[in-house]
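Student: Numbering (my numbering), first residue to last: 3 to 242.
No residue lacks a Cβ here, since even glycine has one placed at the ideal position from N, Cα and C.
Below you'll find the structure I mean.
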Amino acid sequence: MTERVKRRRVLLKLSGEVFGGGKVGLDTAVLTRIAGEIKAAADDGIEIGVVVGGGNFFRGAELQEAGMDRARADYMGMLGTVINAVALQDFLESAGIPTRVQSAISMAQVAESYIPLRAIRHFEKGRVVIFGAGAGMPYFSTDTVAAQRALELGCDELLVGKNGVDGVYDDDPRANPDAVKLDHITYEEALRQGLRVVDAAAFSLCQDNGMTMRVFGMVEPGNVTRALRGDDIGTLVTTN
């Protein structure tokens, strides 16, 4: 009996803003492009999991500022991530890639429940697995969920696609035109400098467990494929 060859397995985090093209709702042109770029990497045999955000529909923290109970607002945000997950599944399936959606909140009509061993089996069968509903609990960002899923599923790298920036900068490039893009930074440096390209909990989780993270921009066509394949783009974040 031959031993199974270890293939590259990665977890891709996509923000809700990506799905909406920076607006509320879904941008089908963007979804078509992302699906095509994921397909190119999946066709190479790369095992791909995707955690999706829901900011193109709801953001719990912003709804809380408007007076809504934070827990209820976060649950609304989780439902928004499932909408994005099902949309991405449809575009991937249309591109010819078998796909499964797993949800941290039970909704059997549209998604499987999140079961790590089942997700790993899907990877082994060449299916892309999309994870919706965040952690299934309020107060957890999808950045943190992406780090947790990457660790639990034995991924080689966590890839964070950003809509407004192409990596980690030493300051907010939208507010400071002199901000410098960093090719490499450690988690300790990112936390000490208060860089908020992802939340501190996600940085800490990856740091404590030795998970490599790559932050890259989504604007340039082909970047998703390059990140999934392991090309040197964006910013590499490591423990040392």
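#1: Under the rule that 16 or more other beta-carbon atoms within 10 Å means buried, what is N58, buried or exposed?
#2: Quick check on DSSP: helix, strand or coil for E159?
#3: To the nearest angstrom, report how far apart L153 and N211 are at their CA atoms.
#4: Based on Cα-Cα distance, which residue from I132, E191, Y116 lies nearest to I50?
#5: The alpha helix (DSSP H) spanning F218 covers which residue range?
#6: Please name the residue, chosen from T240, R228, F218, L230, that lies closest to E191 on a Cα-to-Cα basis.
#7: Does DSSP classify F59 as helix, strand or coil?
#8: What's the call for K8, buried or exposed, on a 16-neighbour Cβ count within 10 Å?
#9: Quick check on DSSP: helix, strand or coil for K15?
#10: Is P140 near D71, with beta carbons less than 7 Å apart?
#11: Helix, strand or coil: which one does DSSP assign to Y171?
#12: In its own chain, which residues sit with a C-beta less than 6 Å from the C-beta of M215, not counting the 5 before and 5 after it?
#13: Near A87, which residues of its chain fall below 6 Å by C-beta distance, leaving aside the five closest residues on each side in sequence?
#14: Closer than 8 Å by C-beta to L155: which residues in its own chain qualify, once you throw out the five before and the five after it? Chain order, please.
#15: Cβ atoms of T101 and Q2: under 7 Å apart, would you say?
#16: Can you list, in chain order, the residues of its chain with a C-beta nearer than 6 Å to that of L65? Leave out the 5 residues immediately preceding and following it.
#17: Are the CB atoms of A68 and R231 nearer to each other than 7 Å?
Tutor: Result, derived from the coordinates:
#1: The residue labelled residue 58 in the question sits at position 56 within the sequence shown. So N58 counts as buried.
#2: Translated into the one-based positions of the sequence shown, residue 159 becomes position 157. Looking at E159 - three-state DSSP - the assignment turns out to be strand.
#3: One-based indexing of the sequence shown puts residue 153 at position 151. One-based indexing of the sequence shown puts residue 211 at position 209. So the alpha carbons of these two residues sit roughly 8 Å apart.
#4: Walking along the sequence shown from the start, residue 50 turns up at place 48. Answer by Cα proximity: I132.
#5: Against the sequence shown, residue 218 aligns to sequence position 216. First-last for F218: 215 to 219, but that is the beta strand (DSSP E), not the alpha helix (DSSP H).
#6: Along the sequence shown, one-based indexing puts residue 191 at 189. Of T240, R228, F218, L230, the residue nearest in Cα terms is T240.
#7: For this step, residue 59 is matched to residue 57 along the sequence shown. DSSP places F59 in coil when its eight states are reduced to three.
#8: Along the sequence shown, one-based indexing puts residue 8 at 6. Burial call: exposed.
#9: Here residue 15 is taken as the residue at index 13 of the sequence shown, counted from 1. Correct three-state label for K15: strand.
#10: Working through the sequence shown from its first residue, we reach residue 140 at position 138. Working through the sequence shown from its first residue, we reach residue 71 at position 69. No, the pair does not count as a contact, with Cβ atoms beyond the cut-off.
#11: Against the sequence shown, residue 171 aligns to sequence position 169. DSSP places Y171 in strand when its eight states are reduced to three.
#12: Your numbering for residue 215 matches position 213 in the sequence shown. Contacts found: L160, C208, V239.
#13: Translated into the one-based positions of the sequence shown, residue 87 becomes position 85. If we look at A87 and ignore the five residues flanking it on each side, its Cβ neighbours are V54, V103, I132, G134.
#14: As a position in the sequence shown, residue 155 is number 153, starting the count at 1. Taken in chain order, the residues that qualify are R11, L13, G51, P118, A121, I122, F125.
#15: Residue coverage of the chain in this structure runs from 3 to 242, which leaves residue 2 outside it and unanswerable.
#16: Working through the sequence shown from its first residue, we reach residue 65 at position 63. A75, listed in sequence order.
#17: The count along the sequence shown starts at 1 and reaches residue 68 at position 66. The count along the sequence shown starts at 1 and reaches residue 231 at position 229. No.
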